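Engineer: So the protein sequences, as listed, match chains C and W.
Sequential numbering from 92 applies to the first sequence in our numbering.
Sequential numbering from 2 applies to the second sequence in our numbering.
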Amino acid sequence: MSLFRIFDIAGSGMSAQSLRLNTTASNLSNAQSVSSSVNETYRARHPIFSTNFSDILDEHASVGVKVDGIVESQAPLRKEYEPNHPKADADGYIYYPNVNPVEEMANMISASRSFQSNVEILNTSKQMLMRTLSLGE
Amino acid sequence: MRFDLDKVFGIHEQGVRIRERRAELLAGNLANADTPNYKARDIDFKQVLQQAEAGTNTTQMKITNAKHLQTDGFAGMSAELLYRNPFQPSVDGNTVDSQQEKAQFIQNAMQYQASLSFLSGKIKSLKSALKGE
Chain C
92 MSLFRIFDIA GSGMSAQSLR LNTTASNLSN AQSVSSSVNE TYRARHPIFS TNFSDILDEH
152 ASVGVKVDGI VESQAPLRKE YEPNHPKADA DGYIYYPNVN PVEEMANMIS ASRSFQSNVE
212 ILNTSKQMLM RTLSLGE
Chain W
2 MRFDLDKVFG IHEQGVRIRE RRAELLAGNL ANADTPNYKA RDIDFKQVLQ QAEAGTNTTQ
62 MKITNAKHLQ TDGFAGMSAE LLYRNPFQPS VDGNTVDSQQ EKAQFIQNAM QYQASLSFLS
122 GKIKSLKSAL KGE
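1. Do we get a CB-CB distance below 8 Å when we pair W:ASP98 with the residues of chain C?
2. In terms of alpha-carbon separation, which member of C:THR132, C:ARG204, C:THR142 lies closest to W:PRO37?
3. According to the neighbour-count rule (16 or more other Cβ atoms, all chains shown, within 10 Å of its Cβ), is C:PHE140 buried or exposed?
4. Touch check for the region 85-95 of chain W and the region 26-46 of chain W: three-plus C-beta pairs under 8 Å?
5. For my contact list, C:VAL162 and C:HIS137 are in at a C-beta cut-off of 8 Å; report their separation, rounded to the angstrom.
6. Could you name the residues of the same chain whose beta carbon sits closer than 7 Å to that of C:SER225, not counting the 5 residues immediately before and after it, in chain order?
7. With a threshold of 16 other CB atoms inside 10 Å of the CB of W:ILE19, please say whether the residue is buried or exposed.
8. Is the Cβ of W:GLN114 closer than 8 Å to any Cβ of chain C?
9. Helix, strand or coil for W:ALA76? Go by DSSP, reduced to three states.
10. Which chain W residues are close to C:GLY227, counting only those with a beta carbon under 8 Å from its beta carbon?
11. State the Cα-Cα distance for the pair C:THR223 and W:GLY16, rounded to the nearest angstrom.
12. Can you tell me where the beta strand (DSSP E) with C:VAL158 in it begins and where it stops?
13. What residues of chain C sit near W:ILE64, judged by a beta carbon separation below 8 Å?
Structural data, given as structure tokens:
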């Protein structure tokens with residue numbers, strides 16, 4: 092019965108969006124994690140979504156979403172001159188992560204809205220199934 | 002009057018099946034609302050129902066062995082998938098409009114429940130006819 096497949100599809104959407112929310116939380120909480128070298132500095136992380144064609148039974152089946160991986164942003168780090176900072180390097184510079192808080196907030200709202208719509212789909216499908224099960228009562 | 006138990010549910014049997022299929026498709030669209038290059042899909046309910054009624058649109062099980070059973074196929078499962086024309090195309094190639102998809106999904110769910118109500122009524126009237134009370 093294909094109504095049961097909706098649970099899988101909406102579930103895949105919910106887990107993908109919650110992962111996106113997770114990376115946003117990680118980025119925002121590390122926005123001020125300074126370090127003394129470029130390589131040690133935290134970089135903003137973003138998930139890559141793709142359509143999950145592997146769970147397709149035939150060419151007409153509808154598809155869920157999967158997370159291909161998480162990539163680190165290659166945007167340049169913020170370098171500041173703070174010679175009194177305990178983590179300053181030999182030249183007196185510290186490195187801030189390339190997290191853009193405005194972008195992250197927008198991402199957070201988008202992820203939470205998408206998560207909500209998946210939950211709504213799940214609830215509606217559940218109602219449809221319950222009504223089907225109680226047919227003729 | 003001749004009574005055929007197979008035809009008691011009439012068009013609603015096909016209707017419920019196609020609505021179910023459509024709900025699945027729309028859920029897939031919404032799950033992929035943030036996937037780059039995903040194209041929203043849908044079926045034309047009216048057309049698929051007409052084909053299902055005419056019996057031209059059925060998925061047959063492949064018979065690769067003489068001992069395999071012959072089936073009637075599942076109407077509406079091989080419905081022709083269409084692509085949605087986006088109102089606001091986005092840069093990442095995604096054509097899912099969440100609001101539109103959600104509205105379609107809810108509408109589809111309501112129509113599904115309407116079909117269920119009709120089916121329920123049929124079952125109830127059959128039951129009362131059987132009981133003869």
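Yeah, the Cβ is synthetic: ideal placement off N, Cα and C, and Gly gets one too.
Predicted, not measured: the structure shown is a model, and the values here were computed from it.
Structural biologist: Taking the geometry as given:
1. As a working mapping, residue 98 of chain W is identified with position 97 in the second sequence. Not an interface residue.
2. Mapped onto the second sequence, residue 37 of chain W falls at position 36. Just measuring C-alpha positions, the residue of C:THR132, C:ARG204, C:THR142 sitting nearest W:PRO37 is C:THR142.
3. Looking up residue 140 of chain C in the first sequence gives position 49. Buried, because 16 or more other Cβ atoms sit within 10 Å of the Cβ of C:PHE140.
4. yes
5. Here residue 162 of chain C refers to the residue found at position 71 when the first sequence is read from its first residue. Here residue 137 of chain C refers to the residue found at position 46 when the first sequence is read from its first residue. Rounded, the Cβ-Cβ distance is 6 Å, consistent with contact.
6. Numbered from 1 along the first sequence, position 134 holds the residue referred to as residue 225 of chain C. So no residue of the chain qualifies.
7. For the purposes of this step, residue 19 of chain W is taken as residue 18 along the second sequence, with counting starting at 1. Buried.
8. Working through the second sequence from its first residue, we reach residue 114 of chain W at position 113. Output row for W:GLN114: interface = yes.
9. The residue given as residue 76 of chain W occupies position 75 in the second sequence. Since pLDDT at W:ALA76 reaches only 48, below the 50 mark, its modelled position is unreliable, and no value is offered.
10. Translated into the one-based positions of the first sequence, residue 227 of chain C becomes position 136. Near C:GLY227 (Cβ distances below 8 Å), the residues of chain W are LEU120, SER121, ILE124, LYS125, LYS128.
11. Mapped onto the first sequence, residue 223 of chain C falls at position 132. Mapped onto the second sequence, residue 16 of chain W falls at position 15. Each residue's Cα considered, the two are about 13 Å apart.
12. On the first sequence, position 67 is the one that residue 158 of chain C refers to. Where C:VAL158 is concerned, the enclosing beta strand (DSSP E) stretches over 155-163.
13. Your numbering for residue 64 of chain W matches position 63 in the second sequence. Those within 8 Å of W:ILE64 in chain C number zero; the least Cβ separation is about 16 Å.
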